[in-house]
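As structure tokens, the structure follows; a few thoughts come after it.
2 protein chains.
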Amino acid sequence: MAKDVVPEEARRRRRPTRQGTVLSERLIVETALRMVREHGSAGLSARRLGAALGADPSTLYRYFEGMDGLTLAIGEELIGRALAGWAPTGRWRDDLRALGLRIHGAYLAHPQAALLTASRVTGRPREIAADEAILGILRGAGFGDEDAVRIYHAYIDQSLAFAALDAGPLALTAEARASDEARWESTYARLPADAYPNIAATAGLLSARMPHSAYPVALEMLLETAERQLADSGA
Amino acid sequence: MAKDVVPEEARRRRRPTRQGTVLSERLIVETALRMVREHGSAGLSARRLGAALGADPSTLYRYFEGMDGLTLAIGEELIGRALAGWAPTGRWRDDLRALGLRIHGAYLAHPQAALLTASRVTGRPREIAADEAILGILRGAGFGDEDAVRIYHAYIDQSLAFAALDAGPLALTAEARASDEARWESTYARLPADAYPNIAATAGLLSARMPHSAYPVALEMLLETAERQLADSGA
DNA sequence: AGTTAAGGTCAATGGTGTTGGCATAAGACC
DNA sequence: GGTCTTATGCCAACACCATTGACCTTAACT
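Just so you know, the protein sequences line up as chains A and B, in that order. Start counting the first sequence at 0; every next residue gets the next number (numbering that gives the first Met the number 0). Start counting the second sequence at 0; every next residue gets the next number (numbering that gives the first Met the number 0).
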């Protein structure tokens, strides 16, 4: 590793780039998020990001350990946005529902970034804060430690998993997405009823429901099961 | 489009490559899957695939519309493998559990491919067959059409979503994955108990559970809720 | 045997992440 | 203010990547 990455808080000199920009980790991450949103995830490259910042691409390696490190930083930013302004009410089921929808929503606001980061553990401060909050809600609700951890795991992974899945279509170009959706009408709705009786019988319901996220339903199912387990163990 | 892709069934001439291989869509997809498994996430590229096949990279464009088309074909192959040899028992909950674990497992066997394909609707034959089977199980169990579609949607999306999420770490290089896992020990387990009481209290349970998939738990929760709804509507 | 075009190859284009070496100015110290 | 150190930006280069257009060979049909 020829170039060592200096952590943001240890930086002292702020030398502007040739084009006058003063770089910072924050500025780079925000610019990257904007680029990803506007030009798609394939639109993010060291060269283009450098150009957008008015800096040489190689300068980024002074701030992140390659593109992968930048990706992790973007993930951390998304988690931070999900948590910003959130406060628990004390009703555990309401709190978990609201938090889950917030996380899901924050990722979907940046679908391309969501695809890149949803499956990565960053171990950075804001991600840790989210984990602490969720475990706190569960343990505060009366779940034993083992149950709390089990439910926490299913909850956070399910939220991120659906975020990534639902982000998929949104990350496609408008035409590609339209053609994916049209496939439900054109392919599935026209299957012969004798070979595919179940799809044929439910074709209308299917094409109405598939373009929407199944996350709220799955989340509610998870919360429902958790509540039952709490009631059973308490009784 | 300078080169038109000829669908597999319309191919007539089978001209061997310079190195003697006789290509086919099937051979290419299988070779691609093997490469991804053996050489990890970065292992699949047109050049390397061409080399492995004993063909020029550009030849692939006679069979697929770019790497994206190849990706979709791989996704279809994965679904096919999940279904291969599967037969329903008639016990709907067992059938859905087994099928879900099969799909999840088939994708995880090829993490890189899973990441790329889990959120894509291919509309190809084997994907349709899977959908038909799931809807059939649910309707056969006695769910009304609307419930069947709702549960089907949550079920299939949950399965694919977790497949994609769980594939993330597996698709990383060995070192990157190890460092992600180590982060649970090094970062989370050492947080100060006063600032992070809930993580501190459950650190042991967390690091034991997090490296494993939450899919089985989440799946069981979904099936549990579905079964309750069936009982309620029947009563 | 002659014709056609499918299906192979070659060479080139313009992209990518990443690195080592170098230059320069920011900040520390006297 | 002058001097020194080094953090931080820049440049050039490397080794990859997907994709394409032109070309050539030969399988298959008539």
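Positions of the beta carbon are idealized from the N, C-alpha and C atoms, including for glycine. The structure presented is a predicted model; accordingly, all values stated were derived computationally and were not measured.
8 Å CB neighbourhood of residue i in its chain, flanking five on each side removed
i                : result
Arg101 (chain A) : Ala81, Leu82 and Trp85
Met34 (chain A)  : Gly42, Leu43, Arg47, Leu48 and Ala51
Ala113 (chain A) : Leu77, Tyr106, Leu107, Ala162, Ala163, Ala166 and Ala170
Asp130 (chain B) : Tyr151 and Ile155
Selected residue, minimal CA-CA separation from residue i, among the options
i                : options                                  : result
Tyr106 (chain A) : A:Gly122, A:Gly74, A:Ile136 and A:Arg125 : A:Gly74
Leu229 (chain B) : B:Asp146, B:Arg47 and B:Tyr151           : B:Asp146
Gly89 (chain B)  : B:Pro210, B:Gly135 and B:His38           : B:Gly135
Ala160 (chain A) : B:Ala217, B:Thr16, B:Tyr62 and B:Ala200  : B:Ala217
Leu138 (chain A) : B:Ala162, B:Val35, B:Ile198 and B:Phe63  : For the record, residue 138 (chain A) in the displayed sequence is Arg; it is not Leu. Residue B:Ile198 is the option with its Cα nearest to Arg138 (chain A).
Ser206 (chain B) : A:Ile27, A:Val28, A:His152 and A:His109  : A:His152
Glu7 (chain A)   : A:Val28, A:Leu98 and A:Gly99             : A:Val28
Thr58 (chain A)  : A:Arg92, A:Pro87, A:Val120 and A:Arg13   : A:Arg13
Val4 (chain B)   : B:Met66, B:Ala200 and B:Leu32            : B:Met66
Met209 (chain B) : A:Gly122, A:Ala225, A:Ser40 and A:Pro87  : A:Gly122
C-alpha gap between residue i and residue j, whole angstroms
i                : j                : result
Ala72 (chain A)  : Ser118 (chain B) : 24 Å
Arg36 (chain B)  : Gly68 (chain B)  : 19 Å
Trp183 (chain B) : His211 (chain B) : 12 Å
Glu213 (chain A) : Ala166 (chain A) : The sequence as given places Ala at residue 213 (chain A); Glu does not occur at that position. Roughly 12 Å between the two C-alpha positions.
Ile155 (chain B) : Gly104 (chain B) : 14 Å
Asp193 (chain A) : Tyr187 (chain A) : 13 Å
Pro15 (chain B)  : Pro56 (chain B)  : 15 Å
Pro215 (chain A) : Arg96 (chain A)  : 9 Å
Pro168 (chain B) : Val120 (chain A) : 9 Å
Ala45 (chain A)  : Arg125 (chain B) : 39 Å
Ala225 (chain A) : Pro87 (chain A)  : 18 Å
Pro196 (chain B) : Val148 (chain A) : 14 Å
Ser232 (chain B) : Ser185 (chain B) : 49 Å
Val10 (chain A)  : Arg17 (chain A)  : First, the residue type needs correcting, since residue 10 (chain A) is Arg and not Val in the sequence shown. If I take the Cα positions, the gap works out to 19 Å.
Ala181 (chain A) : Ser40 (chain A)  : 23 Å
Met220 (chain B) : Arg227 (chain A) : 11 Å
Residue j beta carbon less than 8 Å from that of residue i
i                : j                : result
Gln111 (chain B) : Leu43 (chain B)  : yes
Phe142 (chain B) : Ile150 (chain B) : yes
Thr241 (chain B) : Asp144 (chain A) : Missing from the structure shown is residue 241 (chain B); chain B here goes from 0 to 234 and no further.
Thr70 (chain A)  : Thr30 (chain A)  : no
Ile79 (chain A)  : Gly53 (chain A)  : According to the sequence shown, residue 79 (chain A) is Gly rather than Ile. No.
Leu204 (chain B) : Ile127 (chain A) : no
Close Cβ partners of residue i (< 6 Å) along its chain, the five nearest in sequence each way excluded
i               : result
Gly99 (chain B) : Ser158 and Leu218
Ala1 (chain B)  : With a pLDDT of 45 at Ala1 (chain B), under the threshold of 50, the modelled position of this residue cannot be trusted; read the value that follows with caution. Nothing meets the Cβ criterion.
His38 (chain A) : none
7 Å Cβ shell around residue i - same chain, five flanking residues per side excluded
i                : result
His109 (chain B) : Leu32, Val35, Arg36 and Leu77
Ala140 (chain B) : Trp91 and Leu229
Residue i beta carbon near the ligand NAP (any heavy atom closer than 7 Å)
i               : result
Leu82 (chain B) : The ligand content of the structure shown is nil, which means the ligand NAP is not present either.
Original post:
Three or more beta-carbon pairs under 8 Å between the segment 52–71 of chain B and the segment 12–23 of chain B, yes or no?
Top reply: yes
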